[in-house]
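Below is one structure, written out as structure tokens, with a few remarks after it.
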Amino acid sequence: MAAPAFEGRGGTGPGFGVSSDALDTERVRYLYRSPASVLASTFAAVVLAYIGIGVVGLELAMAWMAVHVALATGRVYAWNLARRRRITGTNHRGWALVHDLGVLASATGWAMPSILLYSGQMPLEAVTLYAASIAALAAGAVFSFAIWWRCFLGYLVIVVVPPVGGFLVSDQPVLQTIGVIGIPYFGAVVAWGRVVSRTLVESISLRLENYALAGDLAMAREHAREIDRTRHDGFASLSHELRTPLNAIIGFGQAIEAELWGPIGNKRYTEYASNIVHAGEHLDILIGQAMDLSRLESGRITLEEELVPLAELASTCKALIAERASSQGLTLTVAVDPDLPPLRCDPSKIRQIVINLLSNAVKFTQSGGRIALSIRRSSDGGLDIAVSDTGFGISPEELKRVMEPFVRGDHAQVRASEGLGLGLALSRTLAELHDGSLVLTSTVGEGTTAHLYLPEERLRG
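Final position of the sequence shown in the UniProt record's numbering is 461; the numbers increase by one with none missing.
Have a look at this one:
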């Protein structure tokens, strides 16, 4: 089965998709990361040229040294130029060619002294330095450009094979031993280079994949924001289109119910008008809840905070719900700790939460039951606004999801009641907007308690 493709800034390819051009560009950038190896090899060439003056003469030694210095100057200049002009996906091949030519020319220069090995003219002290230099150059190449495999392999062949051959054909046992050692050393450096090359390439690939993934995630987030904006705008438009005729329906229903234009005659029509008004007002509440939730999720609701006396908050909420509770045969009690300071909050939003919780308690508590609103300090010094009831309760399975939007319980009385399942979701979001939380505890057959927890900082003004 083919590996999954992933579209990102690196391109399209296996896994999370890194194009060969993007990978090669990063590999070439790695080649130009530092000129230290060029300077080190040039210093070794100067020392070797100085020792070789007595063997090949001043002119030839200086010429060989000049070649290395010139090559080093050109390579350092290219490194500096690449740094200033930057290696990109469109020019990386040119910079790779410049690097390869410089490396292979330098390798050829280092292979030239091996001619003296074949002729037997290189003194022992020069042989020692030359062998050590070749070994160091081979090892240094692993970290300098093993990532550019063909260039690395070509460099090793040119730098190592001629000297090793010269050592092997020498008539001196010491040099022959060096040549014999050079064969497995060459193989070890090649193997080592392969491991380093793969490791570096995998590291670069992973980095590019992360860049591509981050880019796609940013695009996905922006797309999600656009969907949220579109949804919110759609909700706003729908709300306007629904509320315009709905307000007319409610207004005409109220006029008929009040018999503003004269007696209707049959009282049943008055009851029907009352039902129309009630249904319209309920629908208006549902539309408002959906709009509020949409605005909250899109971050379009801000808090208008002020200091609110908690006794006043409790009294207002009780007044708004007491008649409904009484008409259903429920007992409603309110208890507020008198020592509590005012609460810094958006009063309309906190009232909305408490009214939602009290409305649910009234809706899902049987006649003869009790509902209690209590406001006191929590154990951590914050505020605990609790609404408890003696209703039929919520099962543990339902408790995990009842605060999600459009989720309603499975109890028959819940299914028979009005609502879209937005009240708790909206209340939880409003609580979080106040740096608080909404927590439900319930036992089936015994009742439910909803705790609105607000931090201590909101009681300090």
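Ideal Cβ placement from N, Cα and C applies to all residues, glycine included. These figures come from a predicted structure and were not determined experimentally.
| Check | Outcome |
| --- | --- |
| Endpoints, the alpha helix (DSSP H) within which R83 is located | 58 to 85 |
| DSSP-derived helix/strand/coil call for L430 | helix |
| Beta-carbon separation (whole angstroms), E281 vs I256, contact threshold 8 Å | Rounded, the Cβ-Cβ distance is 15 Å, inconsistent with contact. |
| Bounding residues of the beta strand (DSSP E) (the contiguous stretch that carries R29) | R29 -> not in any beta strand (DSSP E); alpha helix (DSSP H) instead, spanning 20 to 31. |
| Whether P163 touches Y130 by CB criterion (9 Å) | yes |
| Residues sharing a beta bridge with H451, DSSP | A386, V439 |
| Separation of G179 from W79, as counted between CA atoms | 34 Å |
| Where R376 falls: helix, strand or coil (DSSP) | strand |
| E209 versus E26, L101, V189, S239, residue with shortest Cα-Cα distance | E26 |
| Cβ shell of R415 (< 6 Å), same chain only, five flanking positions each side left out | Note on R415: pLDDT 46, under 50, position unreliable in the model; the coordinate value appears next. Excluding sequence neighbours, R415 sits near nothing in its chain. |
| For L307, the residue or residues it bridges with in DSSP | R344 |
| Alpha helix (DSSP H) segment containing A139, residue limits | 124 to 145 |
| Residues near A322 in its chain [Cβ-Cβ closer than 8 Å; skip 5 each side] | L332 |
| Residue from I115, V142, V69 whose Cα sits closest to the Cα of S106 | V69 |
| Range of the contiguous alpha helix (DSSP H) that encloses T108 | 92 to 111 |
| P338 to A311 span [Cα, whole Å] | 8 Å |
| Residues that DSSP places opposite A335 in a beta bridge | S374 |
| Under 9 Å between C-beta atoms of L358 and V308 | no |
| Rounded separation between S442 and I301 - CA only | 31 Å |
| First through last residue of the alpha helix (DSSP H) which encompasses S114 | 114 to 119 |
| Rounded C-alpha distance that separates V402 from S294 | 18 Å |
| Neighbour-count burial assignment, R75, 16 or more Cβ in a 10 Å radius | buried |
| Residue span of the alpha helix (DSSP H) that contains V157, given as start and end | 149 to 169 |
| Rounded straight-line distance, which links the Cα of A96 to that of D171 | 41 Å |
| L330 vs I375 beta-carbon contact at 9 Å | no |
| CA nearest to the CA of A61, picked from A45, D389, A212, V161 | A45 |
| Straight-line gap, T448 to G391 (C-alpha atoms, nearest Å) | 7 Å |
| Residue range of the alpha helix (DSSP H) that includes residue 468 | The structure shown does not extend to residue 468, since the chain is modelled only from 1 through 461, so no value can be given for it. |
| Rounded straight-line distance, which links the Cα of F364 to that of A412 | Residue confidence is low: A412 scores 46 on pLDDT, short of 50, so the model does not pin down where it sits. Its coordinate-derived value is still stated next. If you take the alpha carbons of A412 and F364, they lie about 10 Å apart. |
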